[in-house]
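K.L.:
Position in the sequence shown counted from 1, then plus 63, gives you our numbering.
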Amino acid sequence: MSETTNAGEKHVAVLAFPFGTHAAPLLSLVSRIAATAPNVYFSFFCTSNSNNSVFSNEGFNNIKPYDVYDGSPEGYTCSFKNPIEPVILFLKAMPENYKSVMEVAVRERRREISCIMSDAFFGFAGKMAEEMDVNWVPLWTAGPRSLLVHVDTDVIRKRLGDSGSEDQTLEIIPGFSSSMRAVDLPEGVITNISTPFSMMLHNMGLMLPHATAVAINSYEEIDLDIVNILKQRFHEFLNVGPFLLTCPQTICSDEHGCLEWLDKHKADSVAYISFGSVITPPPLEQAALAEALEASGFPFLWSLRSFEDSFPKGFIERTRTQGKIVPWAPQMLVLGHRSVGVFVTHCGWNSVLESVIAGVPMICRPFFGDQRLNMLTVEASWGIGVGLEGGVFTKDGMVKALEQTLSSEQGKEMREKAEAFNESALEAVARDGSSTKDFNTLVKLVTS
64 MSETTNAGEK HVAVLAFPFG THAAPLLSLV SRIAATAPNV YFSFFCTSNS
114 NNSVFSNEGF NNIKPYDVYD GSPEGYTCSF KNPIEPVILF LKAMPENYKS
164 VMEVAVRERR REISCIMSDA FFGFAGKMAE EMDVNWVPLW TAGPRSLLVH
214 VDTDVIRKRL GDSGSEDQTL EIIPGFSSSM RAVDLPEGVI TNISTPFSMM
264 LHNMGLMLPH ATAVAINSYE EIDLDIVNIL KQRFHEFLNV GPFLLTCPQT
314 ICSDEHGCLE WLDKHKADSV AYISFGSVIT PPPLEQAALA EALEASGFPF
364 LWSLRSFEDS FPKGFIERTR TQGKIVPWAP QMLVLGHRSV GVFVTHCGWN
414 SVLESVIAGV PMICRPFFGD QRLNMLTVEA SWGIGVGLEG GVFTKDGMVK
464 ALEQTLSSEQ GKEMREKAEA FNESALEAVA RDGSSTKDFN TLVKLVTS
């Protein structure tokens, strides 16, 4: 230990992944821990772009952001033709870009690192923690089923082969049903296994069982069989979510009047459409979705960043009284509104949790990663949503899905099941709930 270090004072290093919706949930969890441990210092390491995005002017005095090198050469400009390139450049810079700035933080804080928290992607953080002889607590920001798949990747490859048939069913994975097939696995498990991102995920799956504890933005009761299996894989498996309920949320404005518009509609009658901040459906699918909404006659609220070029001619004018299209909507307030009857979504884990918390069924159009697995969980395991015929938006397939969820007995059953998930989520975050107990364990592991 250096002479400038204050022995016995805690200093937690937090290593965040700067892409997608990764850094923000990790910071939310760290902020909640920091509020319970004001004498513990947290150094949050991520790229400058990410830090500028997730850190507001308000915060805790014991959390300080540090910028790490993003791997891009001087003067670099991201090409729209290769949006994954910045991720690859960043991966090549790891872990040295973190190590060098962590040394700076130790000198500035005058405290040796006492624990490492990280995005679960960072298997190298486990090796760093081992070298320092401190706890390593990674956070998995997606769902429990995709986590189990990554931890069991070697077993899956051995049973299915590195490029197994897409139609092979997944009963070989504990807790999975015959409705789930190899094609539904995230990229990098049995396909495209040699890309830098896939190799990072494979290494993650090998390292996580060695972590002091693995935390997840979920709650036990949402998928209890899978949770119990994961508890056997890890030293500690801590369900400390949903963060939408456990971590303070920014109050969102409704600048486009979504809630006022929803007030004018009957209960459970509106289709809300949003594909998150990253995904836009292909133009042909977007046109088919618009045609289906118009043909169905159901009222709709569509959050869409850009749309004019891919809509059928005259669509906006013809549906002006039926629907509302906005560039952004306060999603949790919208999903919590009584008039929303179904959520048309890409099935990212955050969106699934938002729908579950609101008790709203889903129409699922997954695009990549864990989204197909999430869709099958929603549809086949939980019974609170449907996929699309053929897996893509077509006019007839989408009309059928809207009618199924908004005007049939099956849709009514989905809403009842979704409301039960809402109740179990609220129970999990209550004072004596499972997520609250797991959070208390997490605090002790990180700060003691």
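From the three backbone atoms N, C-alpha and C, an ideal C-beta is built for every residue, glycine too. Small disclaimer: the values here were computed from a predicted structure and weren't measured.
Does the beta-carbon distance from P207 to V290 come in below 8 Å?
P.N.:
It is a contact, given that the beta carbons lie within the stated cut-off.
K.L.:
Looking only at its own chain, which residues have a Cβ that is under 6 Å from the Cβ of F153, when we skip the five neighbours before and after it?
P.N.:
So the qualifying residues of the chain are D133, G134.
K.L.:
If you measure between the beta carbons of A183 and W203, is that distance less than 8 Å?
P.N.:
A contact, by the Cβ cut-off of 8 Å.
K.L.:
Going by Cα to Cα distance, which pick from A79, I336, L505 is closest to W391?
P.N.:
It is I336.
K.L.:
How is V449 classed by DSSP in three states: helix, strand or coil?
P.N.:
Looking at V449 - three-state DSSP - the assignment turns out to be strand.
K.L.:
Counting only runs that start and end within the stretch 136-219, where is the beta strand (DSSP E) found for 3 or more residues in a row?
P.N.:
The stretch 136-219 contains these whole beta strand (DSSP E) runs: 178-182, 198-203.
K.L.:
Hey, E234 and S487: beta-carbon distance below 8 Å or not?
P.N.:
Taking 8 Å as the Cβ cut-off, E234 and S487 do not qualify as a contacting pair.
K.L.:
Anyone know if the C-beta pair for S113 and P146 falls short of 8 Å?
P.N.:
No, these two residues do not count as a Cβ contact at 8 Å.
K.L.:
E417 to E380, Cα distance in whole Å?
P.N.:
Distance between the alpha carbons of E417 and E380: 31 Å.
K.L.:
How would you call A330, buried or exposed, if buried means at least 16 neighbouring beta carbons within 10 angstroms?
P.N.:
It counts as exposed.
K.L.:
Alpha carbon to alpha carbon, how far is N485 from I420?
P.N.:
Using only the alpha carbons, I get a separation of about 5 Å.
K.L.:
Spatial neighbours of N413 within its chain, please: CB distance less than 7 Å, with the 5 preceding and 5 following residues excluded, ordered by chain position.
P.N.:
Closer than 7 Å at the Cβ level, and outside the excluded window around N413, lie T84.
K.L.:
Measure the alpha-carbon distance for F108 versus A351 and round it to whole angstroms.
P.N.:
For F108 and A351, the distance between alpha carbons rounds to 43 Å.
K.L.:
I believe S91 touches C310 by the beta-carbon criterion, under 8 Å. Please report the beta-carbon distance rounded to the nearest angstrom.
P.N.:
Yes, they are in contact, since the Cβ atoms of S91 and C310 sit about 4 Å apart, within 8 Å.
K.L.:
Mapping the DSSP letters down to three states, classify R435 as helix, strand or coil.
P.N.:
Helix.
K.L.:
So what's G304 in DSSP terms, helix, strand or just coil?
P.N.:
In the structure shown, G304 sits in coil (DSSP, three-state: anything other than H, G, I, E or B).
K.L.:
Determine, using beta carbons only, whether H409 comes closer than 8 Å to chain D.
P.N.:
The question asks about chain D, but that chain is absent: this structure has only one protein chain.
K.L.:
Please state the DSSP three-state secondary structure of G474.
P.N.:
The answer is helix: DSSP assigns G474 an H, G or I state.
K.L.:
Quick check on the burial criterion: 16 or more other C-beta atoms within 10 angstroms. Buried or exposed for Q385?
P.N.:
It is exposed - the Cβ of Q385 has fewer than 16 other Cβ atoms within 10 Å.
K.L.:
Does the separation of the CB atoms of M477 and P393 fall below 8 Å?
P.N.:
Cβ atoms of M477 and P393: not closer than 8 Å.
K.L.:
With H, G and I counted as helix, E and B as strand and the rest as coil, what does DSSP make of G268?
P.N.:
Helix.
K.L.:
What did DSSP end up calling S343 once you bin it into helix, strand or coil?
P.N.:
It should be noted that the sequence gives Thr, not Ser, for residue 343. T343 falls in the coil class under three-state DSSP.
K.L.:
Put L78 into one of helix, strand or coil per three-state DSSP.
P.N.:
It is a strand residue.
K.L.:
Output the distance between the C-alpha atoms of A245 and M270, rounded to the nearest integer angstrom.
P.N.:
Near 24 Å, if we compare the C-alpha coordinates of M270 and A245.
K.L.:
Determine the burial state of P344: buried for a count of at least 16 other Cβ atoms within 10 Å of its Cβ, exposed for fewer.
P.N.:
P344 comes out buried.
K.L.:
Mind checking E323: buried by the 16 CB within 10 Å criterion, or exposed?
P.N.:
Looking at its Cβ environment, which holds fewer than 16 other Cβ atoms inside 10 Å, E323 is exposed.
K.L.:
What is the DSSP secondary structure of R244, reduced to helix, strand or coil?
P.N.:
Note: R244 maps to strand in three-state DSSP.
K.L.:
At the level of alpha carbons, what is the spacing between V75 and A168?
P.N.:
Spanning the two alpha carbons is a distance of roughly 10 Å.
K.L.:
As a quick exercise: from M267, V397, S106, V407, pick the residue whose alpha carbon is nearest that of C315.
P.N.:
Of M267, V397, S106, V407, the residue nearest in Cα terms is V397.
K.L.:
Return the first residue and the last residue of the beta strand (DSSP E) that S414 is part of.
P.N.:
That residue, S414, is in no beta strand (DSSP E); its alpha helix (DSSP H) goes 412-421.
K.L.:
What separation, rounded to the nearest whole angstrom, lies between the Cα atoms of E193 and D130?
P.N.:
Straight-line Cα distance between these residues: approximately 24 Å.
K.L.:
Per DSSP, what kind of secondary structure is N460 in: helix, strand or coil?
P.N.:
One detail in the question is off: residue 460 reads as Gly in this sequence, not Asn. Helix at G460.
K.L.:
For G304 versus G411, is the C-beta distance shorter than 8 Å?
P.N.:
Not a contact, by the Cβ cut-off of 8 Å.
K.L.:
Nearest CA to the CA of D326: which residue from R401, S261, I342, D286?
P.N.:
The shortest C-alpha separation from D326 is found at R401.
K.L.:
According to the Cβ coordinates, are A100 and V506 closer than 8 Å?
P.N.:
Yes, they are a contact pair.
K.L.:
Sort E479, D433, S94, T499 by Cα distance to I247 and report the nearest one.
P.N.:
Checking the sequence, you will find Asp at residue 247 rather than Ile. Minimum Cα distance to D247 is reached at D433.
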